Amino acid sequence: MFTATEILDLAIQLESNGEAVYRDAVRKAENADTAAMLEWMADEESRHLAFFRQLRDEANAGDDHPVLEDLKRDVFADILGQRTFSLEDQDLGSLETTEATLETALEFERDTVLFYEILEPFLIEEAARIQLRSIIDEEQKHIQQLTAYLSAAEEQMA
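Residue numbers (this note's numbering): 5 to 162.
This is the structure:
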């Protein structure tokens, strides 16, 4: 069985990995527009990281937990499937093109939304669910921006 702390630790790791990888990719970006977008995304991941750390701290402070404790590991694993939910294994800066970097980031953002949508029904406190929904909406905006940026890049190359 996953504990609430373990689930929140996974969310923290997701956001931490994303922030670190995006910041690294900023240093290796080919142009200022790409660097600015990656920097913005790193800042967003940092804000999300703070939210999940606060949730974990609140969960550890008392007996009442914001995530149902009866969530079993095998059920959660079945829901997640083979997704790694991590950019940690992918060095965005080593990808040969800006498009490849952004496509990899896009896949990560989609995986992150999926994870948070799975997590959402297990949050008991309404305020935490509202904040998580806000983060999901922001992650979906990241997807929209990455998609638009990739489309614009493809049009320029055509």
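All C-beta atoms, glycine included, are put in the ideal place defined by N, C-alpha and C. Every value quoted in this text rests on a predicted model; they were computed, and no experiment measured them.
For residue 131, the enclosing alpha helix (DSSP H) begins and ends at 130-161. Take the alpha-carbon of residue 43 and the one of residue 118: they are about 23 Å apart.
Annotated as distal: residue 33 and residue 116, with beta-carbon spacing of 9 Å or more. By the Cβ neighbour-count rule, residue 63 is buried, with 16 or more other Cβ atoms within 10 Å of its own. Of all alpha-carbon atoms in 113, 121 and 58, the one lying nearest the alpha-carbon of residue 45 is that of 113. Residue 103 and residue 154 do touch by the CB rule: their CB atoms are close to 6 Å apart, below 8 Å. Using a 10 angstroms sphere on the CB of residue 41, the tally of other CB atoms reaches 16 or more, which defines it as buried. Residue 134 and residue 29 have their alpha carbons spaced roughly 31 Å apart. With a 10 Å radius around the Cβ and a threshold of 16 neighbouring Cβ atoms, residue 128 comes out exposed.
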